[in-house]
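Asker: Count along the sequence shown starting at 1, add 1, and that's the number in the numbering used here. Structure in structure tokens, see below.
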Amino acid sequence: MERVAWVTDSSVWLDEDIQNRPDVFVEPITIFFEEEEYLDGITITPEQFYTKLRTSQSVPKTSQPPVGKFAQLYNRLHKDFDHIFSIHLSGKLSGTLSSAQQAANLVDIPVTVIDSKILTYPMGVLIREGIRLRDDGKDIKEINSYLTAMANKNETYVLIGSLEQLHRSGRMNSAQFFLGSMLSIKPIISITDGALSVVEKVRSEKKATARIIQLLKDAINNKDIEEIYILFGLNDDKAKGLKEEIKQISSRLKISIFPLGTAIGVHAGEDTLGISWFYK
């Protein structure tokens with residue numbers, strides 16, 4: 002059986018048992034903030050980032066790992082592995098996937114690059130599933146086919162914590178920011194086929210939360226869902242409250258809470274709240 006390595010980027014959230022595996026490797030995204038350069042998850046934590054953000058006038062930026070970094074990692078792994086699965090943040094949200102694809106063409110070891118079309122913990126679920134399939138004896142082609150199909154079976158809805166942060170990071174134009182701020186609009190954003198799109202514009206956070214719960218109810222009624230992932234920026238109080246509300250909908254669903262991480266927080270803000278699930 003071929004020895005397989007799993008590569009991802011720091012926008013992911015991995016369970017501790019996956020993090021500690023000797024065949025899993027995370028390439029950090031770079032964060033530029035206050036004329037300093039940080040490696041996500043290595044030289045800055047989400048708590049440190051948000052503390053700096055509250056008092057800073059500087060606009061933080063993110064940058065995908067360069068092609069050379071991925072190529073160096075792939076070449077290093079060639080000594081101990083026969084194949085690499087490189088699974089990354091949606092290609093429509095970041096250039097990280099493109100860097101990995103370009104690097105894959107520069108090395109001798111076979112690399113299968115997969116667009117997760119998502120981010121944070123749901124991306125980690127794809128890696129967990131890939132490892133499970135490999136442990137079950139599935140071959141490279143079967144794993145690739147399964148994970149590619151799974152990436153198309155995710156639904157994610159997000160309440161952006163800070164329109165100002167979204168605007169400052171370049172993900173919202175000035176007119177949209179001004180209108181949203183003046184009218185106290187809380188946009189509900191979906192990640193559809195890996196891209197951000199506005200589902201609805203609601204006038205309060207309470208109404209926006211009620212709406213994403215209704216979207217979940219609709220999905221439960223129409224699709225086979227077993228687990229819900231609640232995603233948050235920094236403070237998990239709202240995430241815990243949302244979990245309790247979802248429990249009232251269905252007692253059979255497994256509900257887990259996970260942080261979004263620093264790289265996502267650069268654009269969304271610390272009060273961001275999201276809900277995500279895969280259907281069969």
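Even glycine gets a Cβ: it sits at the ideal position worked out from N, Cα and C. On a predicted model such as this, the values are computed, not experimentally measured, just so you know.
1) Should A150 be labelled buried (16 or more other beta-carbon atoms within 10 Å of its own) or exposed?
2) Taking all protein chains shown into account, do 16 or more other C-beta atoms lie within 10 angstroms of the C-beta of Q2, making it buried, or fewer, making it exposed?
3) From the DSSP output, read off the bridge partner residues of G275.
4) Which class does F82 belong to by DSSP, given the choice of helix, strand or coil?
5) Please tell me whether D194 and L90 are closer than 8 Å, where the distance is taken between their beta carbons.
6) To the nearest angstrom, how far is the alpha carbon of W278 from that of T52?
7) Spatial neighbours of K118 within its chain, please: C-beta separation below 6 Å, excluding the five flanking residues on both sides.
8) By DSSP, does T63 sit in helix, in strand, or in coil?
9) Given a threshold of 16 other Cβ atoms within 10 Å of its Cβ, counted over all protein chains shown, does I265 qualify as buried or as exposed?
10) How should V203 be labelled, buried or exposed, when 16 other C-beta atoms within 10 angstroms of its C-beta is the threshold for buried?
11) Whose C-beta lies closer than 6 Å to the C-beta of E143 among residues of the same chain, with five residues either side of it excluded?
12) Can you tell me whether K187 is buried or exposed? The criterion is at least 16 other CB atoms within 10 Å of its CB, across all chains shown.
13) Count the other C-beta atoms from every protein chain shown that fall within 10 angstroms of the C-beta of E35, then say buried if there are 16 or more, exposed otherwise.
14) Output the boundary residues of the beta strand (DSSP E) element that contains E37.
15) Is it buried or exposed for T63, if we count other Cβ within 10 angstroms and need 16 for buried?
16) Output the distance between the C-alpha atoms of L54 and G138, rounded to the nearest integer angstrom.
17) Which term fits P23, buried or exposed, when burial requires 16 or more other beta carbons within 10 angstroms of its beta carbon?
18) Looking only at its chain, what residues have a beta carbon closer than 8 Å to the beta carbon of G162, apart from the 5 residues adjacent to it on each side?
19) Per DSSP, P260 is paired with what?
20) L127 lies in the alpha helix (DSSP H); which residues open and close that run?
21) Quick check on the DSSP output: the alpha helix (DSSP H) that includes I110 runs from which residue to which?
22) Does N155 pass the burial test, meaning 16 or more other C-beta atoms within 10 Å, or should it be called exposed?
23) L15: which of T31, L127, E48, Q49 sits nearest, CA to CA?
24) Once DSSP output is grouped into helix, strand and coil, what is the label at S146?
Answerer: Taking the structure as given:
1) exposed
2) For the record, residue 2 in the displayed sequence is Met; it is not Gln. Classification for M2: exposed.
3) V159, L232
4) coil
5) no
6) 30 Å
7) S91, A152, G195
8) strand
9) buried
10) buried
11) none
12) buried
13) exposed
14) 37-40
15) buried
16) 46 Å
17) exposed
18) G234, A269, G270, E271, D272, T273, L274
19) F233
20) 121-136
21) Note, I110: premise wrong, no alpha helix (DSSP H); not H, not E.
22) buried
23) L127
24) helix
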